[in-house]
């Protein structure tokens, strides 16, 4: 069978992915329309925010691209060109806001690694190693901060909590129905892929400098995003402790990563706004914090990132 050929299973995957991909931005748009006064108030609050704290947030966001490059270098045994690697990660972050569920960032980084001489299989494994380290670091940070801030990670009481739980369960069912049959059909291939990832993990950890880059870059990447949000909350005088804001960010962004929207647009905004509000932040302050964080991480770097992507393609770096 030729690649990309039509099969009943591929048609079924398209049928459930398309409605889900369209429904999430539509729901986000409906929520934005319904809560427009809060969003407008948040935007006005952001306009008069503390510029010093916003500069701290912008600096932290800028450093995340270097940390992402450091983690990706740590996932590859051979040395990569540092400058082009950082540029590729910057371009990948922009591509990630155009295509859903991390497809853009993965495609750009995969192409870069292959252009650096890695085979396609090893390049894909390097992406998996980096993603695994990032997920492990986030899980560890959530566990540590949850112990430091007991009672923060809980559903809102009343009908809102029940609705949130029902939506989470429905999403889990949809993902299980979509993923488990495909995984069962491809179990031998999945097992070989897992074995390749484990082999590369062992190869990376046989080199202490590579292991330090992988885990240090992953930790710094997650930590700097949390610092950026903390700085924005300080800029808009949001009355929440920094440790609690970091925990809410890590939990909300981890949950939003499960939703197939470009760069978490809509899903992360809703999850983060809900988390901050449920933790006691006034809705206008929570809205302005989310707007400021997304402005610095998505909208301001988007056009420069796409321009860097075009330059890298033109120079055959990708």
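Residue numbers (the working numbering): 1 to 318.
Glycine residues also receive a C-beta, built at the ideal position from the N, C-alpha and C atoms.
Helix, strand or coil: which one does DSSP assign to residue 7?
Low confidence applies to residue 7: its pLDDT is 48, below 50, so where it sits in the model is not reliable, and the reading given next is rough at best. Coil, per DSSP.
In the DSSP assignment, find the alpha helix (DSSP H) that holds residue 110 and state where it starts and stops.
103-115 is the span of the alpha helix (DSSP H), which, as asked, contains residue 110.
Looking at the structure shown, is residue 51 part of a helix, part of a strand, or coil, going by DSSP?
Residue state, collapsed to three classes: helix.
Residue 209 by DSSP, collapsed to three states: which one?
Correct three-state label for residue 209: helix.
Using the three-state DSSP reduction, which class does residue 280 fall into: helix, strand or coil?
Coil.
Going straight from the alpha carbon of residue 295 to that of residue 271, what length do you get?
Those two C-alpha atoms are separated by around 16 angstroms.
How is residue 62 classed by DSSP in three states: helix, strand or coil?
DSSP places residue 62 in helix when its eight states are reduced to three.
Specify the secondary structure class of residue 311 as computed by DSSP and reduced to three states.
If DSSP states are grouped into helix, strand and coil, residue 311 belongs with the helices.
Answer yes or no: do residue 288 and residue 204 have a C-beta to C-beta separation smaller than 8 angstroms?
Cβ distance not < 8 angstroms, so residue 288 and residue 204 don't count as in contact.
Would you call the stretch 212-226 and the stretch 64-74 touching, i.e. three or more CB-CB distances under 8 angstroms?
Touching, yes.
With 16 other CB atoms within 10 Å as the buried threshold, where does residue 55 fall?
Answer is exposed; the Cβ neighbour count stays below 16.
Specify whether the stretch 109-121 and the stretch 132-140 touch according to this definition: at least 3 beta carbon pairs, one from each stretch, less than 8 angstroms apart.
In short, these stretches do not touch, since the Cβ pair count stays below three.
Could you have a look at residue 242 and say whether DSSP puts it in helix, strand or coil?
Helix at residue 242.
Does the beta-carbon of residue 309 have 16 or more other beta-carbons within 10 angstroms, so that it is buried, or is it exposed?
Buried, since its Cβ has 16 or more Cβ neighbours within 10 Å.
May I ask you to verify whether the stretch 74-93 touches the stretch 246-258, counting CB pairs closer than 8 angstroms and requiring at least 3?
No: fewer than three Cβ pairs fall under 8 angstroms.
Between residue 141 and chain C, is there a C-beta pair that is closer than 8 angstroms?
Absence of chain C from the displayed structure is noted, only one protein chain being present.
Just checking, does the stretch 239-248 make contact with the stretch 276-293 on the three C-beta pairs under 8 angstroms criterion?
They touch, by the three-pair rule.
What first and last residue would you give for the alpha helix (DSSP H) that runs through residue 84?
Note, residue 84: alpha helix (DSSP H), 82-96.
For residue 75, name the three-state secondary structure that DSSP assigns.
Of the three classes helix, strand and coil, the one that applies to residue 75 here is coil, per DSSP.
Quick one: Cα of residue 97 to Cα of residue 304, how far?
When rounded, the distance between both Cα atoms is 13 angstroms.
Beta carbon of residue 302, beta carbon of residue 60: below 8 angstroms?
Result no, Cβ atoms of residue 302 and residue 60 do not sit closer than 8 angstroms.
Under a Cβ-count criterion, where at least 16 other Cβ atoms within 10 Å of its own Cβ denotes burial, should residue 210 be classed as buried or exposed?
So residue 210 ends up on the buried side.
Over the uninterrupted alpha helix (DSSP H) stretch that includes residue 122, give me the two end residues.
Where residue 122 is concerned, the enclosing alpha helix (DSSP H) stretches over 120-148.
In whole angstroms, what separates the C-alpha of residue 21 from that of residue 267?
Note that residue 21 scores 48 on pLDDT, short of 50, meaning its location in the model is unreliable; the coordinates nonetheless yield the value given after this. Going by the C-alpha atoms only, they are around 11 angstroms apart.
On the three-state DSSP scale, how would you describe residue 151?
If DSSP states are grouped into helix, strand and coil, residue 151 belongs with coil.
Can you tell me the Cα-Cα spacing of residue 76 and residue 283, whole angstroms?
So the alpha carbons of these two residues sit roughly 44 angstroms apart.
Out of 52, 151, 127, state which residue places its alpha-carbon closest to the alpha-carbon of residue 196.
If we check each option's Cα against that of residue 196, 127 comes out closest.
Can the beta-carbon of residue 112 be found less than 8 angstroms from the beta-carbon of residue 318?
Result yes, Cβ atoms of residue 112 and residue 318 sit closer than 8 angstroms.
Would residue 88 pass as a contact of residue 109 if the rule is Cβ separation under 8 angstroms?
Going by C-beta atoms, residue 88 is nearer than 8 angstroms to residue 109.
Would you identify the three-state DSSP class for residue 204, choosing helix, strand or coil?
If DSSP states are grouped into helix, strand and coil, residue 204 belongs with the helices.
Evaluate residue 213 with the Cβ neighbour count: other Cβ atoms within 10 Å of its Cβ, from every protein chain shown; 16 or more gives buried, anything less gives exposed.
The residue in question, residue 213, is buried, as its Cβ has 16 or more Cβ neighbours within 10 Å.
Drop a sphere of 10 angstroms on the beta-carbon of residue 124, count the other beta-carbons inside from all chains shown, and report buried for 16 or more, exposed for fewer.
Result: buried.
Could you tell me the alpha carbon to alpha carbon distance between residue 207 and residue 92, rounded to whole angstroms?
Residue 207 and residue 92: Cα-Cα distance of roughly 27 angstroms.
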